[in-house]
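Participant: Protein chains in written order, with the working numbering: chain V, 1 to 286; chain D, 1 to 359; chain B, 1 to 127; chain C, 1 to 634; chain X, 1 to 161; chain A, 1 to 129.
I am attaching a structure below and will ask some questions about it afterwards.
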Ligand code: SF4
Ligand code: SF4
Ligand code: SF4
Ligand code: SF4
Ligand code: SF4
Ligand code: SF4
Ligand code: SF4
Ligand code: SF4
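Shown next, in the form of structure tokens:
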């Protein structure tokens, strides 16, 4: 029953929260750059605007994949907030991104194609660490279920500092922030124009934005799990992590994809090291 | 060669402030060949000498480019003055130097911003452009225009800067220098920036020289050529040493420009300190008859205005060779081997200014 | 008092001697500054400008319209930008350019806008 | 027992008949009918024995064994002949060694060479039989049409279709024999038959390259064969269980330390046959053969024999360092082969590397050998067989139409061959996406590895390996769905295309997801339960969610109708450069160029040249380590 | 709801300007002017843009580019000509290679005078364009029904070729 | 600070608040020397035509017969040459920038200067033809 409530709350509140987070993000970024920045509700205006625009496509099929992307992002988020199996959630999440990439491929345009390739490199970059993070949770709490992990009394972060650091590193990929915003980014001045999203416009672009909001809430949920033993600390940690990501965005240049891939995989190695030590301790302790 | 793709890059492209087009031939993301195509800004304004009398052509020269606007005017005016053997008052020479160096500051800061942007360092872009506004404010205070100063004319300058203002600029320069050094520190010492720049787009000293490169592109490869050394305007009085780096990569070119910020600030301060009294212009009569290759060091390198007059009010020919055109061959040599992500960085590293290149 | 520390010299060169002269200048360690053209009514004056330590040397080649001019890109690789320009704006046939844009370097509304035999005349924009 | 014998002998009969059939239509009819018979029989097997547990049959032994030895000798002679003809002395040497060892065995230990029961069947065998019986015979059906077209496209190749189908069916028969035998000597016999059969099929085109690759496969597999026979000799000499060559008794033997040595040797044979590193090159070389051969080798036969034997021995490996090392060979193979797959643009090579990778994964599961892992390994075998056969057959069908097996040339297949593209799409999805089977198995493997000591290494390997897998599959998928302009549709209606096997297998890929709970609970879980006393499975809730995902996936395309009408079409963004809808733009120097969209292959990072050798070296070290560990354990 | 007015995304293109106006357009994005206060984002991609900001007098080679960019923008959209060059050709009017003003190539909705146009003027220009944009949107939704039908038919006709 | 040299700037920005000039709430920065737009005093213009001859953009048109002085605001580059060259000081450079318009405007002024013997008429100005 709890799970059901979680799902409903997620479906309704996540876009609101995600949009507000995006608004705060932009505001904060602007302040870090010495600017005033847009109104807090700007992301909602933007998406609202996108739905007012004309539908323009290169190939009709491209919009279909984006709908699937949105559907599976929502599904993976819903699975998460229903307290479901974390590993399955992660796989659904990957599936969603494959749809995004396919949408970009379908459009058959040079820049969206390069964006798609880069998006796939990104998936390849963050996938190991995400899986390892899930495994880390299992090792600490003995369960793959979000419901169990979220209600644990074990401070996961103390056991998984390396995993958390690795996860924080790849979070910049998922939030599309410097230094790893290689496939598309929130600002225009990129060598591949808008990358994956180049050929999407109007309501389809709006759907991508909404999916992004859902995704961010889900990702922050993952961050929360590291601190779940104490909800207050958990929420503070989520806020601090997010602010740190915005900060990193503002103090780094974008790197090449090679460096992104290397960093992601090194971060995963860090996580592996962390888990190996953990398993050694557990065997030793047992 | 099976695994190659061709991607059109530009003319409209968010990292390019100005339209150029590149056919990029890529292997995955490695650039194996690049063929530029330009001409999107070619207006044909050299031809306007036939429609504008030579004093009015200054306004056209200023608009060859909005960034080093003043220097084009300066180069043009110095050329006409040389042909007509006009001696410009000392105060005008000093004022010209100040405006020149202000232009350089504004141009370099602008470029640093765009360069940061090409690396995806948005905040650094914002910072550089924020600092640049101080220069634009001085420019507007002294000339009435933020971008296009329009203060140079044949025979001197159009406006004077009063003493109080000069002192204020001198004061502003102190705090401004500190801020610039903070900015320069990021460009020269930040790890992510170094990662993006070092070893990228290398041009050796010999190559840079024989390809005819100019400005920071040349000096970044270790060749100490800077036309201010010849001592036009007040540079002869103030003394000047070129800024040189040796690595020849994007980082070196960036470093040259960063260090030139400091040297420009210094020149402005000394010009203010040594500012002579007197008039700012002389009356100009007659028309130029003769030819001259007028050369001035712009932010991007030496600009050449070849002026040919036949004693009428209209020049026969004004041929403008700008530094970017001279740097294009070097660019074509720099790009192959870079990654797609580096294309904007390498392209910007020569500080391409298409507007003057194509005229 | 301005004293500009530079010297400018201009020497004429015949079409046949061009390559040899340029080779000599290259051997002397000069760098290429520019190649520029002037339409002097019935012929073109092409200035090849070189510089070494602020010593500015010009080779001046005077050619009639339609006369082929050899490319110096074999000596100065980067000369292609200027030579393409000579072709596109003045209609001077330059032969053997290493990167020949074949008239697409500057795409202009009228062909060879600065040539002697300019066709289009002035465009009236004063309306 | 009759069914078992039928499945082994009937294909041989058909094989002999096909040797003499020259007309395609007749051949087609025969193959279809026998496919129905074989498929039907394997399904009957399922119905008959699914709930019966392991059933043993004391099949006729003396005569059969004699026949086998004779055939083995003949085969050895054949190899020596071929080796002499093509000057491959290594093959001759290995065949000679093998023959000598067999003779040694027969002469020295005649009394120990009996198993209590020579044939048996259990749930695992049923699964294997279903794969061989259904997928294998579908491939055979497909092959008839394919070979016809093949010869039309390759007039230079000598038409030996009679021989081709003879070997194909002999192959199927041998595979049945292999999975039904309880006598290690019998297993070895069938093992050798598959080796020779693959040798013949790979060399079918009789070009220099195909002959070379055929010998490569032969030599590597013979190497495994030598290890196999060595294992049997060791078993017979020590006779730890007292059961001689009786597989069931060997496995049930309590003295793990003693069995470990033959297990490791047989495991080595499995490694060669399953084309794990460093022996992957034979499977890659096998790509020169006509596509149905690849499909056969990769999905239902040959390599599956390798992992079959590994999974059989999993209980022996479980918890030993030797087993761990064998598992690591699989793990390393998995991650390296997946990475190399990124750099390949030849569709068949991508499939080959992916096969090697997946076999590696199965071997990793088997080597570590906990109950959950065996459960996952069997799932992997099932799902891999289904999806991979679809992909191979699909690639073949596409190749016949567009005359290229380059993935780049499959761009826009959704426009040119929509039905084929959808089938390929489903096949690829089957290989790496939730909720399809492969992914589910990987998921199960991760959950299982976490629970064994040092399993973390495997988890890490899986984490990296799956990441890489996503990349190379998704980019292929992307090529398929790219919508290109200005091309013709080159595919006929549903019924006109000879694609019945493809439709069926596509159906199987999807059905496998829905049937997965049944397969697991009816076949795999009981098997695991019998061996380990505990069983594994997926939580009910998760199964439900997966079914939900699958349903969502199937429903989503309906929304496609929604988009059909409502949008304005514009050309792609080309930086403002004027361009045509088929992406030609005005390039520099006055040229018209096409903006191609090629996938990334990242050869500098994931190229064969860069990764294969290190991977092979690591694997050789691990194999040696497994022997050392096995020796030490003794 | 008129979200359009609160989120005008711009595309800037330099159609043969002298850079003066371009850098002022860019300056609008930077801290001292910060047009993101009005929800303005520089998208760099015509397919995402609502407002096309063009500088310069359009030369021969830019003519098709400008058209192409304009066509790639989804409705509703507006065009702002920034600076004297973009409005009339400015000082380069008489050059042989200049068409002379953006409106010779695509319809222009707002002209921003100046050489170079000041950031404040550019901001004013965008604000002025917003009401035009809003008008267009209303017209578009009104006509949507009709257009939808027409497009539908056209698509159908195209499909069944 | 460590590898990220931008840190100090970011922190300073956060503490000091935005540097933004809040146009339009705060009026645009102008200086006494700012070149905004050209203004004419039709009462003193003697129709000499020097301004229109000097203007590099040919933005000024003078019709001596009709006594009309026109300026094309969209063409003027605010160089100030006309102002400097007007021998009668009829032209001035104002600091205000012109607002953007939806239409291409040409401002037209009727010259009201009359020879000093006669009394000048009342000023009259009409914009937009
Ligand atoms: S383009 Fe060149 S000449 Fe023109 S202003 Fe800029 S640097 Fe100076
Ligand atoms: S290089 Fe040319 S276009 Fe660039 S700023 Fe200088 S003059 Fe302008
Ligand atoms: S309008 Fe002007 S440019 Fe055109 S013909 Fe008349 S005078 Fe010449
Ligand atoms: S002729 Fe006019 S439009 Fe053309 S460049 Fe010159 S001023 Fe601009
Ligand atoms: S209006 Fe002036 S500043 Fe703007 S582009 Fe034209 S000449 Fe340059
Ligand atoms: S006002 Fe001066 S310039 Fe004009 S006509 Fe009279 S005397 Fe001549
Ligand atoms: S300010 Fe300059 S451009 Fe404007 S009218 Fe006067 S002279 Fe012409
Ligand atoms: S404004 Fe001045 S210069 Fe122009 S016509 Fe009138 S008096 Fe003459």
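Note that CB positions come from ideal geometry on N, CA and C, so glycine has one too.
Does ligand 5 have even one heavy atom less than 7 Å from the beta-carbon of residue 353(D)?
Facilitator: Not one heavy atom of ligand 5 is found less than 7 Å from the C-beta of residue 353(D).
Participant: Check each candidate in 534(C), 320(C), 543(C), 488(C) and name the one with the smallest Cα separation from residue 513(C).
Facilitator: 543(C)
Participant: Note down, in chain order, every chain X residue with its Cβ under 7 Å from the Cβ of residue 60(D).
Facilitator: 91
Participant: Whole angstroms are fine: how far does the CA of residue 238(C) sit from the CA of residue 269(C)?
Facilitator: 20 Å
Participant: Please list, in chain order, the chain D residues whose beta carbon lies closer than 9 Å to that of residue 19(A).
Facilitator: 130, 133
Participant: Could you tell me which chain X residues have their CB closer than 8 Å to the CB of residue 78(A), listed as they occur along the chain?
Facilitator: 114, 115
Participant: Where DSSP assigns a beta bridge to residue 265(V), which residues make up the other side?
Facilitator: In the DSSP output, where bridge partners are listed per residue, residue 265(V) has none listed.
Participant: How many Å lie between residue 28(C) and residue 145(C) at the Cα?
Facilitator: 8 Å
Participant: In chain A, what lies closer than 9 Å to residue 122(D) by C-beta?
Facilitator: Simply none; closest approach about 11 Å.
Participant: Out of 317(C), 398(C), 20(C), 283(C), which one is the CA nearest neighbour of residue 353(C)?
Facilitator: 283(C)
Participant: Can you list, in chain order, the residues of its chain whose CB lies under 6 Å from that of residue 73(B), leaving out five sequence neighbours each side?
Facilitator: 79, 80, 97, 98
Participant: Alpha carbon to alpha carbon, what distance is there between residue 9(D) and residue 122(B)?
Facilitator: Because residue 122(B) sits at a pLDDT of 48, beneath the cut-off of 50, its placement in the model cannot be relied upon, and the point is left open.
Participant: Could you give the first and the last residue of the continuous alpha helix (DSSP H) run that contains residue 30(D)?
Facilitator: Annotation for residue 30(D): no alpha helix (DSSP H) segment contains it, though the beta strand (DSSP E) segment containing it runs 30-37.
Participant: Indicate whether the contact test is met: 3 or more Cβ pairs, each with one atom in the segment 31-50 of chain C and one in the segment 136-144 of chain C, closer than 8 Å.
Facilitator: yes
Participant: Does any heavy atom of ligand 7 sit closer than 7 Å to the C-beta of residue 38(A)?
Facilitator: Indeed, a heavy atom of ligand 7 lies less than 7 Å from the Cβ.
Participant: Count the CB pairs spanning the segment 43-57 of chain D and the segment 80-95 of chain X that are closer than 8 Å, and state whether there are at least three.
Facilitator: yes
Participant: Please report the distance separating the alpha-carbon of residue 107(A) from that of residue 59(A).
Facilitator: One C-alpha to the other measures close to 10 Å.
Participant: Just the C-alpha distance for residue 39(X) and residue 220(D), rounded to the nearest angstrom, thanks.
Facilitator: Straight-line Cα distance between these residues: approximately 40 Å.
Participant: Less than 6 Å between C-beta atoms, sequence neighbours within five positions excluded: which residues of the same chain meet that for residue 335(D)?
Facilitator: 31, 34, 346
Participant: Within 10 angstroms of the Cβ of residue 72(C), are there 16 or more other Cβ atoms? Answer buried if so, exposed if not.
Facilitator: buried
Participant: Roughly how many whole angstroms lie between the Cα atoms of residue 234(D) and residue 271(D)?
Facilitator: 8 Å
Participant: Tell me which same chain residues have a C-beta within less than 6 Å of the C-beta of residue 481(C), skipping the five on either side of it?
Facilitator: 414
Participant: How about residue 115(X) and residue 20(X): are their beta carbons less than 8 Å apart?
Facilitator: Yes.
Participant: How would you call residue 46(B), buried or exposed, if buried means at least 16 neighbouring beta carbons within 10 angstroms?
Facilitator: buried
Participant: Report all residues from its chain with a CB closer than 8 Å to the CB of residue 604(C); omit the five preceding and five following residues, and keep chain order.
Facilitator: 610
Participant: Along the segment 238-261 of chain V, where does the CB come closer than 9 Å to a CB of chain A? Name the residues.
Facilitator: Going along the segment 238-261 of chain V in chain order, one finds 247, 248, 250, 251, 252 with a Cβ nearer than 9 Å to chain A.
Participant: Please name the residues in the segment 174-200 of chain V whose beta-carbon is closer than 8 Å to at least one beta-carbon of chain D, in chain order.
Facilitator: The segment 174-200 of chain V vs chain D, Cβ under 8 Å: 178, 179, 181, 182, 185, 187, 188, 189, 190, 191, 192, 193.
Participant: Could you give the distance in angstroms between the alpha-carbon of residue 1(D) and the alpha-carbon of residue 508(C)?
Facilitator: Because the pLDDT at residue 1(D) is just 35, under 50, the model does not fix this residue reliably, and the point stays unresolved.
Participant: For residue 189(D), count neighbouring C-beta atoms within 10 Å of its own C-beta (all shown protein chains included) and say buried if the count is 16 or more, exposed if not.
Facilitator: exposed
Participant: Taking Cβ-Cβ distances shorter than 7 Å, what residues in chain X pair up with residue 44(D)?
Facilitator: 95, 96, 97
Participant: Given residue 119(B), which residues of its chain have a CB within under 6 Å of its CB, disregarding the five upstream and five downstream residues?
Facilitator: Confidence in residue 119(B) is poor, its pLDDT being 48 and thus under 50, which makes the residue's placement too unreliable to answer from.
Participant: For a quick check, are the C-beta atoms of residue 131(D) and residue 194(D) less than 8 Å apart?
Facilitator: No, these two residues do not count as a Cβ contact at 8 Å.
Participant: Give the interface partners of residue 118(V) over in chain X, defined as CB-CB distance under 7 Å, in chain order.
Facilitator: Those do not exist, as residue 118(V) stays about 16 Å from chain X at its closest Cβ, beyond 7 Å.
Participant: Mind pulling the chain D residues with CB within less than 8 Å of residue 31(B)?
Facilitator: 209, 210, 212
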